[in-house]
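If you're matching them up, the sequences are chains A and B in order.
Straight run, no breaks: the first sequence in the working numbering ends on number 456.
Straight run, no breaks: the second sequence in the working numbering ends on number 641.
We put the beta carbon where it would ideally sit given N, CA and C, even for glycine.
Quantities reported herein were computed from a predicted structural model and do not represent experimental measurements.
What follows is one structure encoded as structure tokens, with my remarks underneath.
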Amino acid sequence: MLQKGMAKTDTIAAVATAPGRGGIGVVRISGYQLSELVLHLLGKPLRPRFASLKKFLDIDGSVIDEGIALYFPAPNSFTGEDVLELQGHGGNAVMQRLLKRCLNLGVRLAEPGEFTKRAFLNDKLDLAQAESVADLIDAASEEAAKSAVRSLQGEFSNAVHEVVERLIHLRMLVEASIDFPDEDIDFLEAADALGKLSGVREQLQQLQNRAKQGCLLREGVHVVLVGQPNVGKSSLLNLLAGDEVAIVTAIAGTTRDTVREEIEIKGVPFHIIDTAGLRDTSCEVEQIGIARTWAAVDKASLALLLLDSREGMTSSDEAILARLPENLPVMQIFNKIDLLPREAGIEFDAGVKRIFVSAKSGAGMDLLRENLLEVAGWEQTGEGAFMARERHLRALDGAGACLRNAENNWRQLEFFAEELKLAQNELNSITGAFGADDLLGEIFSRFCIGK
Amino acid sequence: MFFPSLFDVIVVGGGHAGTEAALAAARMGNKTLLLTHNIETLGQMSCNPAIGGIGKGHLVKEIDALGGVMAAATDEGGIQFRILNSSKGPAVRATRAQADRSLYKQAIRRRLENQPNLWLFQQAVDDFTLSGDQITGVVTQLGVRFEAHAVVLTAGTFLAGLVHVGQSSYQAGRAGDPPAISLAHRLRELNLPVGRLKTGTPPRIDGRSLDYSVMTEQPGDDPAPMFSYLGSSNQHPQQVSCWITYTNERTHDIIRNGLDRSPLYTGVIEGVGPRYCPSIEDKIMRFADKDNHQIFVEPEGLSTHEIYPNGISTSLPFDVQYALVRSMRGFENAHITRPGYAIEYDYFDPRGLKSTLETKAIKGLFFAGQINGTTGYEEAGAQGLLAGINAGLFAAGKEGWSLGRDQAYLGVMVDDLITRGVSEPYRMFTSRAEYRLLLREDNADLRLTEIGRELGVVDDERWALFSTKRDAVALEKERLKSTWVNPRMVDVASAERVLGQAMEREYTLLDLLRRPQVSYQALLTLPGAGNGVFDPRVAEQVEIQAKYQGYIERQQEEIERHHHYEALHLPPDTDYSKVHGLSIEVKQKLAQYRPETLGQAARLSGVTPAAISLLLVYLKRNQGRTEKKSA
Ligand SMILES: Cc1cc2nc3c(=O)[nH]c(=O)nc-3n(C[C@H](O)[C@H](O)[C@H](O)COP(=O)(O)OP(=O)(O)OC[C@H]3O[C@@H](n4cnc5c(N)ncnc54)[C@H](O)[C@@H]3O)c2cc1C
Ligand SMILES: Nc1nc2c(ncn2[C@@H]2O[C@H](COP(=O)(O)OP(=O)(O)OP(=O)(O)O)[C@@H](O)[C@H]2O)c(=O)[nH]1
Ligand SMILES: [Mg+2]
């Protein structure tokens, strides 16, 4: 009796390939009515079940990546819904950018195991697979719970809770003034709701900024290799990449063009840029190369200054150091220790890290990797933490948007209240549910209400 | 004796729940019997003589939209009407009326006596008769046995009711009425999950002993609004004012000194009272820093001098009541006509109910009103209506009916009750409704009257009126949507006056109406805007729908997203111990409360989203099995 229409699910997306594997990466999207999304993302409609080479477009029309796009309309797809698969060349960073673009188009990040779940619910998996789906959800939710807890320890969690508490306080005043207009209490007039709101917004903004730190993990770290010619920058890049990507010769000034390579250390992407060695030169080609080096330095989030251990810190090195931007973190790498009687290791000089390695023997490379991770802000969390963080960032962004709407609607109390509630719903995904009853409890414990 | 005729539906209790239940069942064509202690107390207001308020007014409008009587009776008995939150948006506006007790009661009684298919009988019900787990009828105090297909119990505060004034207590259903003791015993035997709650009421005062000149007058709205969609202001009797006074430090001292003889503070009362409706002793203890409390002085009726001092509910001993009342401004010579008291009573854990308000334990037995842990006439009336309709459907062998959280406050309330239970008497607030912007007083008819018509509880008069309004709203909206206003047609002065700025391009009238500062009436003065509609209720509806459109669409999208899982049926015989991956705690919860749908399951406390996913997989798998078997 009085039944409504059938199920409609929202659209979800995730990187379908395991993180950290090279080669191709796949972003998979599942939902209904994906054609509009396809238009935004690829500029043109797709022919079902045909592989086509496409440019994946960012919000400003710039190209994120180029690759194969495949479109499977429902019900003949993995999940039984409309499915879009984008296969890019990208390492993690490109995949994350692509994913982010999808999220901007209104797609939601998939829960762990959600594709499989949908496939199951749409009769795409047989009965025997049912138990394994249950296992998957079970494990995934445990994993998600764990990673949520992990990333919720310490400062981040405290900061979120602080924002939530202030939001609850504001909501309490707003809801009280709606539900109890006959009380002789000025819930809102005296309370400066708008001031309180901007306080919450400000605090959330700070929190978002700090959470962006976690973005490093998604976006990766841009590392530039700098130093005098011949100190072994290109050799180090090749070693880190595990491949001969840059030319290495004994001739000073070998590298001219910047050479880029993406590597991953425990799943964290590092975009490494090898540059032309820095020195005064009259060679026009080399001069251009050096200009490019400085351009690369400007975009980097970390610089590795390479030095020859035999020489130590020379005045030329000091000159380079002095020219590096002040707020750019720098690690000093003393190379070629194999030519000295000296072990790989780390030294601190007035708070500056000096790491002693050999790009030839590979000595000290583990140490270098460890330190790169540390500088990137990577804590020893396990798998899944990345997903949880992505979700948290989304929730913070969502809450921020609602609070902005609230500010625009502050003259209409019921809309104001609605946006605040939606903001809280977003944050609930981080802190756990806080329902109407909790809010009423908050009101009754603070104000003497009722006749 | 066996009463010779068989009824479709028996309703026990003639309070607010019982009367709506009986009327609804009878309107649907069921042969209905209303059994109550005393025909003189049909529709009696046990506590303050007021109907409506924020959240509650919404319920009253919904009752009305579904053909119930509470709104109409209030229009006939209301002696002061106000729209609360009138300065705020339509979703949170609500109607409240002060009612003349006896006029209200008369209005209810007249409707009961004139309702076809409805029989009244004055007797206390002492027992139920069952056949297995199916109800078959009731037995009264005199041993008369009535048989019916379905029974609705609406015993209010009467089950094992215990009244407290100071250190003395006695058994009663409310002051002046007998309790229902045998029935309470019988229900406890049936192993229904029972608990104790408490509520209270203030002393009543002879208004002639008050000095109104030192109080603040609070007049009603002029013109007085109506409660019923069918109402008109010429139904309203004479309108009067309420008054406001305050407690003071002396009042508080008197109360503090009397606390050692308070049943609340000496542990005599076990039942939990409502936090939002505290006794005056509670207010003073919990908010010690507040040096006065606002008291509304409300008339009890036009034909009585009694007044209701709203805000000093108390169970303190009478001598303390006497002193505290006389300590208030304007009350120096007050004469108390009836002492205040607290009452403790049995209620049943509503998690034992289906969304139709049928008990999960006994087929054909429905519970409504205060016995489900709620408080308030409106909450009771709304539940009564739902239970009455479902008892009627049950008697006819039809499937039950319920409302979603997105359809009505009634839906929110029942869902809250059956999924979360209660820890104190449950009262409606708008903050309980996640779709508050959709569930407004102004559109209860548009939300519910069609459904009511389908169910057979909406009569021809209401239906005709509703259909006209609905069509007029649709027509006018369509007109606004298709009428374009060109900047060349509109002179700058008109544009500035109506829109606050010049028009930069062409717009439809609907687009313009969506702007916050543009009113419907002003819009119609734009050149080329046409004539619009005359009926203010239609105009109001058109305007609200336009202004809320963005939010309405957003909430509707969200509802659709949840709808599938929300309504997914969980078979009552589901063996939760077999559901792979669920924690023991969740398994126990599900087994204990047996939610009817996945949506209900999700709202049980402690049930996680992962648990819901696991349930979904389990359901799907079993469905697959049964399909294979039958194939
Ligand atoms: C002292 C007091 C204070 C209150 N204070 C407030 C307040 O501050 N705010 C508020 O919102 N609400 C208050 N209420 C609650 C409000 O009165 C109730 O919520 C409302 O009346 C409940 O309606 P009901 O139909 O469930 O039960 P009731 O109105 O209690 O009606 C029950 C009916 O059932 C009949 N009945 C009971 N048992 C039997 C039986 N065995 N056989 C036959 N007939 C039977 C009774 O005679 C009565 O007619 C108060 C109630 C009391 C008694
Ligand atoms: N023994 C030894 N030789 C090294 C090491 N690292 C690099 N070399 C040698 O040093 C020379 C220069 O190496 P490159 O990697 O080309 O140096 P670069 O810093 O990239 O030089 P430019 O590109 O000219 O700026 C080559 O002959 C390398 O083989 C090392 O750790 N130990
Ligand atoms: Mg080089």
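Closer than 9 Å at the beta carbon, the chain A residues around residue i
| i | result |
| --- | --- |
| F91 (chain B) | Neighbours of F91 (chain B) on chain A: none; closest Cβ ~14 Å, over 9 Å. |
| V330 (chain B) | Those do not exist, as V330 (chain B) stays about 19 Å from chain A at its closest Cβ, beyond 9 Å. |
| V102 (chain B) | I183, D184, P186, L418, E419, A422 |
| K599 (chain B) | Near K599 (chain B) there are no residues of chain A at all, since even the closest Cβ is about 16 Å away, more than 9 Å. |
Residue of the options minimising C-alpha distance to residue i
| i | options | result |
| --- | --- | --- |
| G538 (chain B) | B:Q555, B:E464, B:Q90, B:R498 | B:R498 |
| E388 (chain B) | B:Y355, B:V21, B:E30 | B:E30 |
| A298 (chain B) | B:V330, B:D263, B:S272 | B:D263 |
| L269 (chain B) | B:E595, B:Q331, B:I594 | B:Q331 |
| L307 (chain A) | A:G93, A:L378, A:L333 | A:L333 |
| S97 (chain B) | A:L418, A:D262, A:L444, A:D65 | A:L418 |
| A364 (chain A) | A:L242, A:K59, A:Q233, A:L47 | A:L242 |
| I381 (chain B) | B:V502, B:G28, B:R296 | B:G28 |
| Q610 (chain B) | B:D426, B:V508, B:L509 | B:D426 |
| G414 (chain B) | B:A75, B:F138, B:G591, B:E576 | B:E576 |
| Q151 (chain B) | B:V135, B:I145, B:Q249, B:E157 | B:V135 |
| T607 (chain B) | B:A352, B:H572, B:T314 | B:H572 |
Amino acids of chain A, ordered along the chain, whose beta-carbon sits closer than 8 Å to that of residue i
| i | result |
| --- | --- |
| I64 (chain B) | I183, D184, F185, P186 |
| N95 (chain B) | I183, P186 |
| G99 (chain B) | Q417, L418, E419, F420 |
| P349 (chain B) | Ordered by position in chain A, no residue passes the 8 Å Cβ test against P349 (chain B), which lies about 18 Å from the chain. |
| L626 (chain B) | K122, L126 |
| K71 (chain B) | Simply none; closest approach about 17 Å. |
| Q304 (chain B) | E188, D189 |
| A337 (chain B) | In the sequence as displayed, the identity of residue 337 (chain B) is Ser instead of Ala. Those do not exist, as S337 (chain B) stays about 18 Å from chain A at its closest Cβ, beyond 8 Å. |
| P526 (chain B) | R416, Q417 |
Residues that residue i contacts on chain B, provided the C-beta gap is smaller than 8 Å
| i | result |
| --- | --- |
| E423 (chain A) | R446, L447, Y561 |
| D191 (chain A) | Result: empty, since nearest Cβ-Cβ is about 13 Å, beyond 8 Å. |
Chain A contact residues for residue i, given Cβ-Cβ distances below 7 Å
| i | result |
| --- | --- |
| T440 (chain B) | I183, D184 |
| P229 (chain B) | In chain order: nothing, as chain A lies at least about 14 Å away. |
8 Å contact criterion, which residue i and residue j should meet: CB distance rounded
| i | j | result |
| --- | --- | --- |
| G87 (chain B) | Y114 (chain B) | 3 Å |
| D5 (chain A) | R106 (chain A) | Residue 5 (chain A) lies beyond the residue range present for chain A, which begins at 6 and ends at 456; the question has no answer from this structure. |
| K557 (chain B) | R524 (chain B) | 6 Å |
First and last residue of the uninterrupted beta strand (DSSP E) at residue i
| i | result |
| --- | --- |
| H227 (chain A) | 226–232 |
| N400 (chain B) | Per DSSP, N400 (chain B) belongs to no beta strand (DSSP E); it is in the alpha helix (DSSP H), 387–405. |
| S234 (chain B) | A quick correction: the sequence has Ala, not Ser, at residue 234 (chain B). Unbroken run through A234 (chain B): none, as it is neither H nor E. |
| S35 (chain A) | 30–36 |
| I268 (chain A) | 264–270 |
Neighbour list for residue i in chain B, Cβ cutoff strictly below 7 Å
| i | result |
| --- | --- |
| L445 (chain A) | F439, S441 |
| F449 (chain A) | R285, Y286 |
| A441 (chain A) | S441, R442 |
Range covered by the alpha helix (DSSP H) that runs through residue i
| i | result |
| --- | --- |
| I33 (chain B) | Checking the displayed sequence, the identity of residue 33 (chain B) turns out to be Leu instead of Ile. Segment 26–37, the alpha helix (DSSP H) holding L33 (chain B). |
| L42 (chain A) | 40–47 |
| W513 (chain A) | Absent from the structure is residue 513 (chain A), since the part of chain A shown begins at 6 and ends at 456. |
| E71 (chain A) | From DSSP, E71 (chain A) is part of no alpha helix (DSSP H) but of the beta strand (DSSP E) over 68–77. |
| E419 (chain A) | 418–436 |
| Y332 (chain B) | 328–336 |
| L241 (chain A) | 238–246 |
| N267 (chain B) | 259–268 |
Contact list for residue i against chain E, beta-carbon separation under 9 Å
| i | result |
| --- | --- |
| E180 (chain A) | Judged by its chain identifiers, the structure shown contains no chain E, and its protein chains are A and B. |
Contact set between residue i and chain B, taken where Cβ atoms lie within less than 9 Å
| i | result |
| --- | --- |
| A19 (chain A) | The contacting residues do not exist; A19 (chain A) stays about 16 Å from chain B at best. |
| D15 (chain A) | R571 |
| A428 (chain A) | Result: empty, since nearest Cβ-Cβ is about 14 Å, beyond 9 Å. |
Give, in chain order, every unbroken run of the alpha helix (DSSP H) that is at least 4 residues long and sits entirely within the segment 417–503 of chain B. If one requires a minimum length of 4 residues, the alpha helix (DSSP H) runs lying completely within the segment 417–503 of chain B are 419–430, 454–465, 470–492, in chain order.
Along the chain, which unbroken stretches of the beta strand (DSSP E) at least 3 residues long are found entirely within the segment 54–141 of chain B? Those beta strand (DSSP E) runs which fall completely within the segment 54–141 of chain B and span 3+ residues are 60–62, 88–94, 104–109, 128–132, 135–141.
Give, in chain order, every unbroken run of the alpha helix (DSSP H) that is at least 4 residues long and sits entirely within the segment 149–230 of chain B. If we require 4 residues or more, the alpha helix (DSSP H) runs fully inside the segment 149–230 of chain B come out as 191–199.
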